[in-house]
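Undergrad: Below is the structure I would like to discuss, written out as structure tokens.
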Amino acid sequence: MAIKAEHINYIYGKGTAFEQHALKDVNLEIQDGEFVGLIGHTGSGKSTLIQHLNGLLRATDGKLYYNGSNIYNDGYDLRALRSHVGLVFQYPEHQLFEIDVFTDVCFGPKNQGLNKEETAKRAREALTMVGLDESYYKRSPFELSGGQKRRVAIAGVLAMNPDVLILDEPTAGLDPKGRDEILDQIKRLHEERNMTIILVSHSMEDVARYVDRILVMNHGEKVFDDTPKEVFQHYKELEAMGLAAPAITYVVQTLKSHGVPIDTSITTIEEARDEILKLLGK
1 MAIKAEHINY IYGKGTAFEQ HALKDVNLEI QDGEFVGLIG HTGSGKSTLI
51 QHLNGLLRAT DGKLYYNGSN IYNDGYDLRA LRSHVGLVFQ YPEHQLFEID
101 VFTDVCFGPK NQGLNKEETA KRAREALTMV GLDESYYKRS PFELSGGQKR
151 RVAIAGVLAM NPDVLILDEP TAGLDPKGRD EILDQIKRLH EERNMTIILV
201 SHSMEDVARY VDRILVMNHG EKVFDDTPKE VFQHYKELEA MGLAAPAITY
251 VVQTLKSHGV PIDTSITTIE EARDEILKLL GK
């Protein structure tokens, strides 16, 4: 298994007047090759949790394992961990700082101690994976569109050849075309490289369409952990947390309430289309 958290608690400002219990007894396991969605209302603990998964934050108490080793043990190499568990933040400008795109993507593998030739090879491969050709190499990252910046940020992490890729709202602020392009590329990485993906998103449609499993956080606690079909059956509980189900969930529930014998576990438009055609005998 790639990641295992046992009774993780995290308290911001512990012992001060501003103390806040951000994670509360979180237990989870993420297996190699899984595509996991992480959802929750603002302040639910999502961002805090993912920063624990690659050692950027250390739990107040509890244990966190990567490939069977507790990362809180004395002498554990957190720098090596971050080469295996890559994190792409919501705002790519936080990760872009070099003079041009190619130099920026080279930064990670260079820091890993790779030679110039291997570093350049990794950078070229990573940029190709995210759909950026040589015409982008010498451009300043800060001259790029929001979607292009995200691709460069993702490439910078991919160039370190991680086993786990964590993405915090990678499509925030993008138009539908840009959003689909980014998510389709992430899906290909998962399928072609068997990469473990953890996707943080506010889009229930995106989560339903791409992930195999959903973790739901609320007030620092993990409240659901199941397949999209199972999680979105709890749409009323999700609404109480300030979340929702995909729009199509409400459509099929309405059809069911009007006597249409439709499968209420449907979570995507494609599934709804196929089910309706089947009901119509086409």
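To convert, note that position 214 of the sequence shown is 214 in the working numbering; the numbers rise steadily by one, no gaps.
Glycine is no exception: its CB is placed at the ideal position from the N, C-alpha and C atoms.
1) Give me the residue from 159, 163, 160 and 153 with the minimum Cα distance to residue 169.
2) Going by the beta-carbon positions, is the gap between residue 211 and residue 157 smaller than 7 Å?
3) With C-beta atoms as the reference, is residue 200 less than 7 Å away from residue 214?
4) Quick check on residue 148: buried or exposed, where buried means 16 or more other Cβ atoms within 10 Å of its Cβ?
5) Runs of 3 residues minimum, wholly inside the region 81 to 116: which ones carry the beta strand (DSSP E) assignment?
6) Beta carbon of residue 208, beta carbon of residue 176: below 7 Å?
7) Are residue 62 and residue 9 closer than 7 Å when you measure CB to CB?
8) Restricting to Cα atoms, I'd like to know which of 42, 74 and 141 is closest to residue 102.
9) Please confirm whether residue 159 and residue 120 have their CB atoms less than 7 Å apart.
10) Could you say if the region 54 to 74 and the region 226 to 240 meet the contact criterion of at least three C-beta pairs nearer than 8 Å?
11) My output table needs one value for residue 298: the three-state DSSP class, helix, strand or coil.
12) How would you write the range of the alpha helix (DSSP H) that residue 249 sits in, first residue to last?
13) Helix, strand or coil for residue 29 per DSSP?
14) Indicate the three-state DSSP secondary structure (helix, strand or coil) for residue 221 in the structure shown.
15) Just the C-alpha distance for residue 167 and residue 60, rounded to the nearest angstrom, thanks.
16) When burial is assigned at 16 or more other CB atoms within 10 Å of the CB, is residue 47 buried or exposed?
17) Tell me residue 5's beta-bridge partners as DSSP assigns them.
18) CA-CA distance, residue 310 and residue 225?
19) Put residue 196 into one of helix, strand or coil per three-state DSSP.
20) Can you grab the Cα-Cα spacing for the pair residue 189 / residue 161, in whole Å?
21) Locate the alpha helix (DSSP H) running through residue 53, then write down its first and last residues.
22) How many Å lie between residue 241 and residue 266 at the Cα?
23) Inspect the beta-carbon positions of residue 283 and residue 196 and report whether they are closer than 7 Å.
24) Just mark residue 54 as buried or exposed, buried being the case when its beta carbon has 16 or more other beta carbons within 10 Å.
25) Using only alpha-carbon positions, find the residue among 275, 33 and 218 that is nearest to residue 164.
26) What separation, rounded to the nearest whole angstrom, lies between the Cα atoms of residue 75 and residue 90?
27) So which of 16, 275, 37 and 82 has the shortest CA-CA distance to residue 263?
28) With a 10 Å radius around its C-beta and 16 neighbouring C-beta atoms as the bar for buried, classify residue 150 as buried or exposed.
TA: On the basis of the data shown:
1) If we check each option's Cα against that of residue 169, 153 comes out closest.
2) Not closer than 7 Å, so no.
3) In this structure, residue 214 does not lie closer than 7 Å to residue 200 by Cβ.
4) Only buried fits residue 148, as 16 or more other CB atoms lie within 10 angstroms of its CB.
5) Secondary structure in the region 81 to 116: the beta strand (DSSP E) runs of 3 residues or longer, each lying completely within the stretch, are 85 to 88 in chain order.
6) In this structure, the beta-carbon distance from residue 208 to residue 176 does not fall below 7 Å.
7) Contact check for residue 62 against residue 9 passes: the beta carbons are separated by less than 7 Å.
8) Check the Cα spacing between residue 102 and each of 42, 74 and 141: the tightest is with 141.
9) No; because the gap between Cβ atoms is not below 7 Å, this pair is not in contact.
10) By the Cβ rule, the region 54 to 74 does not count as touching the region 226 to 240, because fewer than three pairs are nearer than 8 Å.
11) Absent from the structure is residue 298, since the part of the chain shown begins at 1 and ends at 282.
12) Residues 247 to 257.
13) Reduced to three states, the DSSP call for residue 29 is strand.
14) DSSP places residue 221 in strand when its eight states are reduced to three.
15) The C-alpha of residue 167 lies about 24 Å from the C-alpha of residue 60.
16) In summary, residue 47 is buried, with 16 or more beta-carbon neighbours lying within 10 Å of its beta-carbon over all protein chains present.
17) 28 and 64, per the DSSP bridge assignment.
18) This structure cannot settle anything about residue 310, because the visible part of the chain is limited to 1 through 282.
19) Note: residue 196 maps to strand in three-state DSSP.
20) The straight-line gap from Cα to Cα measures roughly 11 Å.
21) Taken as a continuous stretch (DSSP letters only), the alpha helix (DSSP H) holding residue 53 covers 46 to 53.
22) Answer to the nearest angstrom: the Cα atoms are 21 Å apart.
23) With the chain represented from 1 up to 282, any question about residue 283 goes unanswered, as that position is not in the structure.
24) Residue 54 sits buried, since 16 or more C-beta atoms from the chains shown fall within 10 Å of its C-beta.
25) Nearest option by C-alpha distance: 33.
26) Cα to Cα, residue 75 sits roughly 30 Å from residue 90.
27) Minimum Cα distance to residue 263 is reached at 275.
28) Burial call: buried.
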